[in-house]
Structures are given as structure tokens and as C-alpha cells.
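These protein sequence lines are chains U and Y, in that order.
Here the first sequence is numbered in our numbering, starting from 0 and rising by one per residue.
Here the second sequence is numbered in our numbering, starting from 0 and rising by one per residue.
Number of protein chains: 2
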Amino acid sequence: MTSSNERAADRAYRMIRADIMSGDLEGGSRLGEANMAERYGLSRTPVREALRRLQSEGLIEALPHRGARVVDWRSLDIAAIYDLRAVVEGFFVRRAAITMPDSEIDRLSGLCDTVERRTAELSLRDPELIDLTAEFNREFHGSIARAAGGEIFAAVRGSVVIGPLVLRTVHDYTREDQQRSNRHHREILAAFRARSPEWAESVMLAHVYSAKTRLLEGREQLLGPASVEAS
Amino acid sequence: MTSSNERAADRAYRMIRADIMSGDLEGGSRLGEANMAERYGLSRTPVREALRRLQSEGLIEALPHRGARVVDWRSLDIAAIYDLRAVVEGFFVRRAAITMPDSEIDRLSGLCDTVERRTAELSLRDPELIDLTAEFNREFHGSIARAAGGEIFAAVRGSVVIGPLVLRTVHDYTREDQQRSNRHHREILAAFRARSPEWAESVMLAHVYSAKTRLLEGREQLLGPASVEAS
DNA sequence: CAGCCGCGAGTTGCATACAGTTTGGGACGG
DNA sequence: CCGTCCCAAACTGTATGCAACTCGCGGCTG
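1) Skipping 5 residues on each side, what residues in its chain have a beta carbon closer than 6 angstroms to that of ALA147 of chain Y?
2) By the criterion of Cβ-Cβ separation under 9 angstroms, what are the contact partners of ALA199 of chain Y in chain U?
3) Run through chain Y and tell me which residues come within less than 8 angstroms of SER55 of chain U, C-beta to C-beta.
4) Would you say the beta carbon of SER21 of chain Y comes nearer than 8 angstroms to a heavy atom of the ligand NAP?
5) Which one of U:ALA189, U:ARG156, U:ILE161 has the shortest CA to CA distance from VAL86 of chain U?
6) Any Cβ of chain U within less than 9 angstroms of the Cβ of ILE80 of chain Y?
7) Name the DSSP bridge partner or partners of LEU30 of chain U?
8) Report yes if the C-beta distance between TRP198 of chain Y and ALA190 of chain Y is below 9 angstroms; otherwise report no.
9) Give the C-beta separation of ALA242 of chain U and VAL169 of chain U to the nearest angstrom, bearing in mind that I take them to be a contact with Cβ-Cβ under 8 angstroms.
10) Using a Cβ-Cβ cut-off of 9 angstroms, state whether SER3 of chain U counts as contacting chain Y.
11) Distance, Cα to Cα, HIS184 of chain U vs ILE151 of chain Y?
12) Are ARG68 of chain U and ARG16 of chain U touching if we call contact CB-CB under 9 angstroms?
13) Helix, strand or coil: which one does DSSP assign to ILE59 of chain U?
14) When you compare each of Y:PRO126, Y:MET20, Y:GLU37, Y:ILE187 to SER108 of chain Y by their alpha carbons, which one comes out closest?
15) Using a C-beta to C-beta distance shorter than 7 angstroms, which residues of chain U count as neighbours of SER158 of chain Y?
16) Could you tell me the distance, in whole angstroms, from the CA atom of GLY217 of chain Y to the CA atom of THR173 of chain Y?
17) List, in chain order, every chain Y residue whose beta-carbon is nearer than 8 angstroms to that of GLY148 of chain U.
18) Anything in chain Y within Cβ reach of ILE59 of chain U, meaning under 8 angstroms, just list it in chain order.
19) Would you check if the distance between the CB atom of SER55 of chain Y and the CB atom of ALA11 of chain U is smaller than 9 angstroms?
20) Please classify SER226 of chain Y: is it buried, with 16 or more other beta-carbons within 10 angstroms of its beta-carbon, or exposed?
21) Could you tell me which whole alpha helix (DSSP H) segments of length 4 or greater appear in the stretch 101-180 of chain Y?
22) For GLN177 of chain U and THR118 of chain U, I'd like the C-alpha separation in whole angstroms.
23) Could you give the distance in angstroms between the alpha-carbon of LEU62 of chain Y and the alpha-carbon of ARG192 of chain U?
24) Please determine if the stretch 33-44 of chain Y and the stretch 70-80 of chain Y are in contact, where contact requires at least 3 C-beta pairs separated by less than 8 angstroms.
25) Would you please verify whether the beta carbon of PHE90 of chain Y is less than 9 angstroms from any beta carbon of chain U?
26) Could you tell me whether the Cβ of VAL86 of chain U comes closer than 9 angstroms to any Cβ of chain Y?
27) Give me the residue from U:ARG13, U:ILE161, U:ARG65, U:ILE59 with the minimum Cα distance to PRO45 of chain U.
28) With a threshold of 9 angstroms between beta carbons, is ARG94 of chain U in contact with chain Y?
29) Any idea what DSSP makes of MET99 of chain U, helix, strand or coil?
30) Flag ILE161 of chain Y as yes if its beta-carbon sits less than 9 angstroms from any beta-carbon of chain U, otherwise no.
31) Just the chain U side, please: which residues come within less than 9 angstroms of GLU48 of chain Y by C-beta, in chain order?
32) Can you say whether GLY89 of chain U is buried or exposed, counting buried as having 16 or more other CB atoms within 10 angstroms of its CB?
33) Can you name the residues of chain U whose CB is closer than 9 angstroms to the CB of ILE97 of chain Y?
34) Counting only Cβ pairs nearer than 9 angstroms, list the residues of chain U close to ILE151 of chain Y.
35) From THR212 of chain Y to ASP171 of chain Y, what distance separates their C-alpha atoms?
36) For ARG52 of chain U and ALA79 of chain U, I'd like the C-alpha separation in whole angstroms.
Structure, rendered in C-alpha cells:
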């Protein structure tokens with residue numbers, strides 16, 4: 000009963016987001032409210048709310064009275080965003096290593112189990128796996144932020160982590176990337192159990208910087224080497 | 000043309016936010032959409048949008064079908080928020096020391112002139128001075144964030160710096176606090192001119208930690224010493 | 001007397017009608 | 001032939017009516 004229990008606004012949010020991720024909506028595409036409403040069989044109200052949410056998460060940008068456009072993530076200063084993310088997530092994980100309760104560490108460990116099992120079962124590009132991985136990352140790192148400083152920290156993290164970048168990262172995973180990412184998560188939990196902020200932060204920095212490198216390499220392929228030099 | 004050009008949703012956002020910061024809406028107050036709509040002479044639609052925005056910024060919390068409540072800022076972990084702010088603003092100022100153009104440094108310097116002049120002219124508790132100081136702080140630190148990484152960084156800063164906390168800080172300024180704050184701003188600009196990230200960051204950290212201390216002392220007065228120990 | 005069931009009040013969530021604004025094209029004038 | 005002005009279409013922004021859901025209170029039953 001997912002569809003009946005879920006709010007229409009949430010459904011609209013998920014569907015639009017999925018279409019952006021799948022590339023069905025290219026960067027620069029124009030999103031009209033009426034257009035979207037008809038496309039997903041809803042009225043404009045929930046679509047409007049979904050667009051506002053996507054806007055605050057940085058997936059789309061809204062022009063006054065001229066509709067919304069899908070953000071072209073390639074134009075963002077990816078290096079800067081990831082450097083900021085490293086600083087912030089490093090700070091969070093340092094605190095969480097002290098404050099996160101054992102029960103929550105166990106819960107995250109259980110989530111790791113699930114992800115690793117599905118990773119082994121599903122094919123590399125399976126949409127279900129991509130979705131699961133993205134969702135797990137949100138949950139894992141969000142939980143760390145929450146343990147470090149409550150809902151406000153989680154909200155701050157949400158504004159630092161731009162959606163398209165995460166999706167692109169997950170989408171371009173190789174098997175090796177997947178396994179390294181999973182190992183990072185495991186090691187962070189190990190550092191939590193040892194209550195070692197320094198250890199936890201070191202792993203987290205490796206985790207973020209590896210993602211940054213992967214993303215920059217991906218951009219190099221898409222745009223050509225010249226553009227990378229420019230930055 | 001401010002009010003006619005501005006969207007009703009933005010007006011609702013500003014007004015509700017102002018009423019929260021001014022203490023007109025106490026922490027824990029119940030906010031009904033219809034209630035707010037009548038209060039500000041608007042319909043429910045823009046109010047609804049404003050509430051969603053305030054929720055995503057952490058100023059209010061929404062219950063499923065029972066309306067929204069103002070978050071009690073005194074219950075927030077102020078120390079944690081300011082520690083995070085120190086990390087983030089330190090990162091910003093480090094980068095801005097390299098990237099901020101001379102023209103922008105000059106502009107901020109001019110703003111400092113104005114603030115210092117008005118500080119000398121007006122009485123300590125003059126609402127105009129409090130307003131001016133709060134606005135100047137937003138502009139000064141916002142400009143640093145923008146120089147460090149564009150609009151995205153400015154948005155992140157906005158989510159870290161909770162409105163009520165800043166206003167409370169400014170409201171409780173003593174003459175000495177004012178002058179120290181102004182000297183900090185001047186010294187940051189001096190570090191920018193010298194293009195020294197380390198110098199700039201050191202001053203910024205002093206700036207943030209002094210504000211944190213002031214706020215914690217203020218809370219001690221409001222809640223009594225016992226509550227401070229509890230944290 | 002205690003616990004459960006059901007109904008009513010009140011609130012949010014959704015759909016739709018209406019108004020204001022922007023933009024682009026076409027016609028007219030130079 | 002080109003530039004300018006105006007109008008209409010399309011869109012967002014706003015208001016309001018209606019439906020769905022939650023919670024609390026009162027009465028009924030064991």
C-alpha cells in the first residue's frame with residue numbers, strides 16, 4: 000500500500016527525481032507545472048511542492064515566472080563542493096564517534112549487510128541497486144549527522160550534498176568503487192565502536208575525496224581535458 | 000515597490016520568520032495554516048509554502064496532521080551549532096582570502112565604515128542599530144561565502160546560521176562586544192588584502208567563538224546555571 | 001468502574017478556478 | 001526592409017472549495 004499511504008507530493012518528488020536521475024530529463028530541460036502534472040496524473044499543487052523541494056536540494060533551478068530547469072551539474076564547481084563536504088562530514092563523524100549510541104551503530108551495520116548482499120546479487124547497472132545505494136548513502140551519512148547534532152545538522156548536510164552529484168557518482172560506480180565504498184562504511188562503524196574520532200574522520204575524508212576524484216574523472220571524460228584545466 | 004514586486008509567499012516567510020525572531024511567536028507555539036493566513040491577510044497557499052521553507056531550515060517542526068510548532072531555540076545545542084559554524088566559516092574565509100577580488104574587499108570595507116559610524120552615533124539598544132548590525136553581518140559573511148564558492152556556499156551558510164541565534168547575539172551586544180566584532184571584521188579584510196588564508200581563518204575562529212561564548216553566557220542567565228551543566 | 005468503540009470537530013492535503021506577469025510574434029509605420 | 005509597439009498565449013502565483021485523515025470526547029459495554 001505504498002501508493003495510497005504516500006502523499007501525492009512525495010510521489011511527485013520521487014518520480015521527477017527518478018526521471019532526472021535516469022537522464023530522461025536532461026540538464027537544461029524545462030519543467031512546466033501543468034506539463035508535469037499531466038505527465039504524472041496529478042494536479043499542479045503536489046507537483047509545485049515537489050519542484051520547490053527539488054529546488055531547495057539544488058537539483059533544479061527556478062526562474063521567476065518562467066518555470067524551472069534541470070540544473071546542469073557539469074557547470075558546478077565540483078571540487079569546491081566536495082572540499083566543503085569533506086570539512087563538514089569530517090566534523091560530523093568526529094562528533095558522532097563519541098555520541099552515536101551502540102544501538103544505532105548496530106542498525107547501520109545491518110543496513111550495510113543488506114546493501115552488500117544486494118550488491119552481490121544484482122547487476123552493476125540495475126536501477127534497483129542504484130536506487131538502493133543512493134538511499135543507503137542518504138540514510139548512513141544522515142544518521143551520522145543526526146547523531147552529531149540532531150535534525151539541524153542533518154538539514155545542513157542536505158544543503159551541502161547536491162543531489163545530482165551523488166546520483167552521478169552512484170551511477171558511474173564500478174565494482175571496485177562499490178566495494179571500496181562499502182569497506183569505508185564498515186570501517187567508519189569500526190571506528191565508532193572503538194570510539195575513535197580521529198580514525199573515523201580519516202576514513203570519512205578518504206571516502207569523500209575518493210568520490211570527488213571519481214566525479215572529476217567522469218567530468219573529464221564528458222567535457223574533454225581542456226575544461227578541467229580551466230578550473 | 001518592495002511589497003508589490005515581492006511574492007506573497009516570500010512575504011509570509013519573512014513575516015513569520017520575523018515574528019519568531021522577535022519572540023512574538025514563542026517556542027512551542029502552534030502554527031495553523033488557516034490561523035497564519037488570517038493573521039497576515041493572505042490565503043493558505045503562500046503560508047503553506049512559507050511553512051515548508053521554515054521547516055526545511057529547522058526553525059519549525061511539522062507534525063503529520065496536527066500543524067507545526069516553533070522550535071524552542073533554547074533547547075538547541077548551541078555549542079554544537081557554533082562549533083559547526085566555526086568549521087564552515089573557517090573553510091569559507093580560507094578560500095575567500097585567495098579568491099575575493101580587491102573591489103569586493105573595498106566594498107566590504109566601505110560597509111564597515113558605515114556600521115562603525117552608526118555604532119558611534121546611535122544608542123546601544125536602538126532598534127535601528129540592531130537591525131543594521133544584523134543586516135551587515137549577513138552581508139559581510141554572505142559575501143565571504145559567495146567569494147569562496149558561489150551561491151551554493153551562501154545557501155549552505157544560511158542553513159548553518161540559525162536566525163534567532165544571530166538576532167539574540169546582536170541584541171545582547173555590549174559596547175565592548177560591538178567594538179570587538181567591528182575590529183574582527185576589519186582584521187579579516189586586512190588578512191584578505193595580505194592574501195593570507197591562515198591569518199584570515201584565525202581571526203574568523205576568534206570571531207565565531209567569541210559569539211558562541213556570549214550566547215552561552217546569555218543562556219545561563221535565562222535558564223539558570225543548572226541547565227548549562229545538564230548539557 | 002475501566003476499557004473500548006464511534007462520532008464530531010478541526011486540521012492538513014489535493015484539485016481547480018482565477019488573476020497577474022512575462023514573452024514572443026505579428027502588424028504597422030518609418 | 002528594418003525597427004518598434006502591441007496583443008495574445010502560456011505560464012506561474014494565488015485563492016478557495018472539497019476530501020481525507022487524526023485526535024479527543026462521550027457513551028456504551030463487559
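Don't be surprised by glycine CBs; every beta carbon is placed ideally from N, CA and C.
On a predicted model such as this, the values are computed, not experimentally measured, just so you know.
Once the coordinates are examined:
1) Cβ within range, chain order: PHE91, ARG94, ALA95.
2) Here the premise fails: no neighbours, minimum Cβ distance about 15 angstroms.
3) What SER55 of chain U touches in chain Y: ARG52, SER55.
4) Questions concerning the ligand NAP fall outside what the structure shown contains, since it holds no ligand whatsoever.
5) It is U:ARG156.
6) Yes, ILE80 of chain Y lies at the interface with chain U (some Cβ there is under 9 angstroms from its Cβ).
7) Per DSSP, U:ALA67.
8) Yes; because the gap between Cβ atoms is below 9 angstroms, this pair is in contact.
9) The shown model of chain U, from 0 to 230, leaves out residue 242 of chain U, and the question about it has no answer.
10) Caution applies to SER3 of chain U, whose pLDDT of 49 falls short of 50 and renders its modelled position unreliable; the value that the coordinates give is listed next. Not flagged as an interface residue toward chain Y: SER3 of chain U, since no C-beta distance is shorter than 9 angstroms.
11) Those two C-alpha atoms are separated by around 27 angstroms.
12) No, the pair does not count as a contact, with Cβ atoms beyond the cut-off.
13) Looking at ILE59 of chain U - three-state DSSP - the assignment turns out to be strand.
14) Taking only the C-alpha atoms, the option nearest SER108 of chain Y is Y:ILE187.
15) Residues of chain U with a Cβ closer than 7 angstroms to the Cβ of SER158 of chain Y are, in chain order, ALA154, VAL155, SER158.
16) Looking at the two C-alpha atoms, the distance is approximately 12 angstroms.
17) Neighbours of GLY148 of chain U in chain Y, taken as residues whose beta carbon is under 8 angstroms from its own, are ASP76, ALA79, ILE80, LEU83 in chain order.
18) The contacting residues do not exist; ILE59 of chain U stays about 14 angstroms from chain Y at best.
19) No, Cβ-Cβ distance for SER55 of chain Y and ALA11 of chain U is not below 9 angstroms.
20) In this prediction, SER226 of chain Y scores a pLDDT of 46, lower than 50, which makes its location untrustworthy; the coordinate-derived value is nonetheless stated afterwards. By the neighbour-count rule (16 or more Cβ atoms within 10 Å), SER226 of chain Y is not buried but exposed.
21) At a cut-off of 4 residues, the continuous stretches assigned as alpha helix (DSSP H) that sit fully inside the stretch 101-180 of chain Y are 101-120, 126-159, 162-170.
22) Straight-line measurement puts the Cα of THR118 of chain U at about 8 angstroms from the Cα of GLN177 of chain U.
23) If I take the Cα positions, the gap works out to 34 angstroms.
24) Inter-segment contact for the stretch 33-44 of chain Y and the stretch 70-80 of chain Y is absent: fewer than three beta-carbon pairs are separated by less than 8 angstroms.
25) Judged by the 9 angstroms Cβ criterion, PHE90 of chain Y is in contact with chain U.
26) Chain Y, which has a Cβ nearer than 9 angstroms to the Cβ of VAL86 of chain U, makes this yes.
27) For the residues U:ARG13, U:ILE161, U:ARG65, U:ILE59, the minimum Cα distance to PRO45 of chain U belongs to U:ARG13.
28) At least one chain Y Cβ lies under 9 angstroms of ARG94 of chain U.
29) DSSP, read as helix, strand or coil, puts MET99 of chain U in coil.
30) Yes, its Cβ sits closer than 9 angstroms to a Cβ of chain U.
31) Taking the beta carbon of GLU48 of chain Y as reference, the chain U residues within 9 angstroms of it are ARG47, GLU48, ARG51, listed in sequence order.
32) Counting the other Cβ atoms within 10 Å of the Cβ of GLY89 of chain U gives 16 or more, which makes it buried.
33) Correct list: empty, because the minimum Cβ distance to chain U is about 12 angstroms.
34) GLY57, LEU75, ASP76, ALA79, ILE80, LEU83, SER158, VAL159, ILE161, listed in chain order.
35) Their backbone Cα atoms lie some 12 angstroms apart in a straight line.
36) Rounded to the nearest whole angstrom, the CA to CA distance from ARG52 of chain U to ALA79 of chain U is 23 angstroms.
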